[in-house]
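Visitor: Line order of the protein sequences matches chains V and P.
Heads up: the first sequence at position 288 corresponds to 936 in the working numbering, and the numbers run straight through without jumps.
Heads up: the second sequence at position 97 corresponds to 116 in the working numbering, and the numbers run straight through without jumps.
Here's a structure for you.
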Amino acid sequence: MSPIVETTDLRKIYKGGFEALKGINLSIHEGEILALLGPNGAGKTTLISTLCGISQPTAGSARVGGHDIVDDYRAARSLVGLVPQEVALEPFEKVINCVNFSRGVFGKPKDDALVEKILRQLTLWDKRHARIRELSGGMKRRVLIAKALCHEPRVLFLDEPTAGVDVELRRDMWNIVEELKADGVTIILTTHYIEEAEAIADRVGVINNGELLLVEDKNALMARMGRKSLKIDLREAVKEVPKALSEYELERSADGLSLTYHYDARGEGTGITRLLAALANEGMQLRDIHTSQSSLEEIFVDLVHQEDAA
Amino acid sequence: MNLYAIRAIFVYEMKRFFRTLMESLLSPVISTCLYFVVFGTAIGSRIDQIEGVSYGAFIVPGLIMLSVMTQAISNASFGIYFPKFIGTIFELFSAPVSFLEIVIGYVGAAATKAMMIGVIILITAHFFVDITIQHPLAMLAFLVLTCLSFSLFGFIIGIWAENFQQLQLIPLLVITPLVFLGGSFYSISMLPPVWQTITLFNPVVYLISGFRWSFFGQADVPVGLSLLAILGFTALCLGVVWWIFKTGYRIKS
């Protein structure tokens, strides 16, 4: 299956000489949810803007649905919807007019039933005749989403969709995302909330300094990069880690009541069995044990730090 | 051709106009009435006929042109500048529309509004003075061409402007003086010979003269020249718009 979005050595150099994208090669599969992570200024928004046609690529190429985004921009853009990071709406216009306008400029005939469905989904139906400036910030974000959905995109870009958004809207949005995914819509989102990426994405891409550090299946990434830790609660506090256990590099808690062992989940042998046996040999009484896996956020911070250090 | 997009832009722009219908129509109507009161009645009663036309009627074509030009420019420049200013223009850039379609939508709407205002002023003037239109087709042609070319010009200003001051600059510093000195309120034959020659460098003279000819059959300059002037100006504006499109001047980074 050919990818729905494909970039080849995509570069963007702004007028001042700032290189925002340093040759991005990315393939996005149809129907997947791809989360793009990266610190502020990493190039996430530039990548999205370039793919949507808002800024021109300096070099390289990109295709959406097999159509070149420059030479065949009409076919490419008619597949794409964008929910931008910044709220930009005409303050004096009515909600329904803004939404119908979007559908029109994307070359679609009026479809009142569809627009009504989308507005109801976003609980905007009752506000359809309200002027944008009368709406709260969250409501304005809902209008932006409605504008992007009303022209039935096959590829939807969500640029920081949940920044500064209340719980209810976030929940509504993820419901919509699920529904879109069920319809086979490809979704690319950037977010600072890594739990979100962890919860809904199929694949994760990490961008830093205009370079794509990796794109990987989320579960594979977490399995590969994820370090697990085993926390052992003791019945009696220990003053120090016994010498016999030094090879395990245990961390002793301040109160001496627990020891933490870090191990690699992908390793052949984790060493847990041997460790537990060694603990028993030392005559230690265990109260409880629990394991935890490092989150995507820790993986992400690690990756970006490695990059910055290199 | 993305006809739905053109329609969407056109309808959206016209809605803005109708949303502020009172402001849009009332101000040109009131200023026209004021001109008639001041120039037509107060001063005009002391002025003899100009070239066989009463002064009140004589100023009608000039008044219409004055309003149509300023309205076309301000509507078109604001129409494209406002989305730039508030950031909603991103949507046009991400939409499957060509620059030509954007131009047709915005310029078409601005020209339509200017046209409507021109017609309303003509009707208003009718209540003050008797007007006969000798060449209605020519009048219509001049009106349409002026609406279109000045809307194009306004669109260019809207693309160029980086703040609201610049948006006002050209209409205020260039258009208003040219229109006032372009024979709106007088025949250029009334000027001293030197100024008659200088005036001929003012492009607006040709427009007003041609437009007046379609009303009264009299003109300061040959009507063919007037037609050429407005066609030339339209072509110039089209050329600049085409250049903007080619180079992406001030629209795309």
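Cβ atoms here follow ideal geometry from the backbone N, Cα and C, with glycine treated the same way.
Anything in chain V within Cβ reach of SER113(P), meaning under 8 Å, just list it in chain order.
Guide: In chain order: CYS700, GLY701, ILE702, ARG725, VAL728 and LEU730.
Visitor: Using only CA atoms, which one of GLN187(P), VAL193(P) and LEU171(P) lies nearest to ALA254(P)?
Guide: Taking only the C-alpha atoms, the option nearest ALA254(P) is LEU171(P).
Visitor: Spell out whether any CB of chain V is found under 7 Å from the CB atom of GLY177(P).
Guide: So, not an interface residue.
Visitor: Of all the options ARG802(V), ALA778(V), GLU846(V) and ALA925(V), which has the alpha carbon lying nearest to the alpha carbon of SER942(V)?
Guide: It is GLU846(V) whose Cα lies nearest to the Cα of SER942(V).
Visitor: Against chain V, does ILE105(P) count as a neighbour if the rule is that its beta carbon must be under 7 Å from one of theirs?
Guide: Yes, ILE105(P) lies at the interface with chain V (some Cβ there is under 7 Å from its Cβ).
Visitor: Taking only beta-carbon positions, decide if TYR125(P) is within less than 7 Å of chain V.
Guide: No, TYR125(P) does not count as interfacial toward chain V.
Visitor: Can you check whether the C-beta of VAL753(V) is within less than 7 Å of a C-beta belonging to chain P?
Guide: It does: the Cβ of VAL753(V) has a partner Cβ on chain P nearer than 7 Å.
Visitor: Between which residues of its own chain and LEU952(V) is the CB-CB distance below 7 Å, once the five residues before and five after are set aside?
Guide: A small correction: the amino acid at residue 952(V) is Val; Leu does not occupy that position in the sequence shown. Same-chain partners within the cutoff: PRO687 and ASN856.
Visitor: Do GLN933(V) and ARG883(V) have their C-beta atoms within less than 7 Å of each other?
Guide: For GLN933(V) and ARG883(V), yes; Cβs fall inside 7 Å.
Visitor: Going by alpha carbons, who is nearest to LEU682(V) out of ASP720(V), VAL854(V) and VAL949(V)?
Guide: Nearest C-alpha to LEU682(V): VAL854(V).
Visitor: Who are the Cβ neighbours of ALA926(V) in its own chain at under 7 Å, not counting the five residues just before and after it?
Guide: Same-chain partners within the cutoff: ALA892 and LEU893.
Visitor: Quick one, which of ASP820(V), LEU817(V), ILE766(V) and LEU674(V) has its alpha-carbon nearest ASN748(V)'s?
Guide: Ranking the options by Cα distance to ASN748(V), first place goes to ILE766(V).
Visitor: Could you check which residue in GLY202(P), GLY229(P) and GLY124(P) has the C-alpha nearest to that of MET33(P)?
Guide: Minimum Cα distance to MET33(P) is reached at GLY124(P).
Visitor: Using a Cβ-Cβ cut-off of less than 7 Å, list which residues of the stretch 771-793 of chain V approach chain P; keep chain order.
Guide: Within the stretch 771-793 of chain V, no residue has a Cβ that lies closer than 7 Å to any Cβ of chain P.
Visitor: Considering only DSSP beta bridges, list what TYR911(V) is partnered with.
Guide: Answer by DSSP bridge pairing, in chain order: LYS876(V).
Visitor: Quick one: Cα of ILE150(P) to Cα of LEU159(P), how far?
Guide: Computed Cα separation, rounded: 15 Å.
Visitor: Go through its chain and collect everything with a Cβ distance to ALA723(V)'s Cβ below 6 Å, but skip five positions before and after it.
Guide: Once the five neighbours on either side are set aside, the close Cβ partners of ALA723(V) are HIS715.
Visitor: Which residue from ALA668(V), GLN954(V), PHE948(V) and LEU730(V) puts its Cα closest to that of CYS798(V)?
Guide: For CYS798(V), the nearest C-alpha among the options comes from LEU730(V).
Visitor: Under the assumption that VAL791(V) contacts LEU837(V) (Cβ atoms under 8 Å), give the Cβ distance between them as a whole number of angstroms.
Guide: With 8 Å as the limit, VAL791(V) and LEU837(V) do not qualify as a contact, their Cβ atoms being about 18 Å apart.
Visitor: With DSSP collapsed to three states, give me the class of LYS663(V).
Guide: It is coil, neither helix nor strand.
Visitor: Looking at the C-beta of GLU808(V), does it have a partner C-beta in chain P at a distance below 7 Å?
Guide: False, the Cβ-Cβ gap to chain P never drops below 7 Å.
Visitor: Do you know how far the Cα of ARG818(V) is from the Cα of GLU827(V)?
Guide: Between GLU827(V) and ARG818(V), the C-alpha separation is close to 14 Å.
Visitor: Within 7 Å (strictly less), CB to CB, does GLU864(V) reach chain P?
Guide: Judged by the 7 Å Cβ criterion, GLU864(V) is not in contact with chain P.
Visitor: Check whether the stretch 655-674 of chain V touches the stretch 690-708 of chain V, counting contact only when three or more Cβ pairs, one atom from each stretch, lie closer than 8 Å.
Guide: With the cut-off at 8 Å, the stretch 655-674 of chain V and the stretch 690-708 of chain V touch.
Visitor: State the Cα-Cα distance for the pair ASP719(V) and GLY177(P), rounded to the nearest angstrom.
Guide: Roughly 27 Å between the two C-alpha positions.
Visitor: Can you tell me where the alpha helix (DSSP H) with ASP956(V) in it begins and where it stops?
Guide: Per DSSP, ASP956(V) belongs to the alpha helix (DSSP H) from 944-957.
Visitor: Helix, strand or coil: which one does DSSP assign to ALA778(V)?
Guide: ALA778(V): coil per DSSP, three-state reduction.
Visitor: Taking all protein chains shown into account, decide if TRP232(P) is buried (16 or more other Cβ within 10 angstroms of its Cβ) or exposed.
Guide: Looking at its Cβ environment, which holds 16 or more other Cβ atoms inside 10 Å, TRP232(P) is buried.
Visitor: Could you check the C-alpha separation between LEU119(P) and ILE99(P) for me, to the nearest Å?
Guide: The alpha-carbon atoms of LEU119(P) and ILE99(P) are separated by roughly 13 Å.
Visitor: Could you please give me the residues that DSSP links to ALA926(V) through a beta bridge?
Guide: In DSSP, ALA926(V) forms no bridge with anything.
Visitor: DSSP beta-bridge partners for THR939(V)?
Guide: According to DSSP, THR939(V) bridges with LEU878(V).
Visitor: Tell me which same chain residues have a C-beta within less than 6 Å of the C-beta of LEU806(V), skipping the five on either side of it?
Guide: Counting only Cβ-Cβ distances below 6 Å, and skipping sequence neighbours, we find VAL731 and LEU837.
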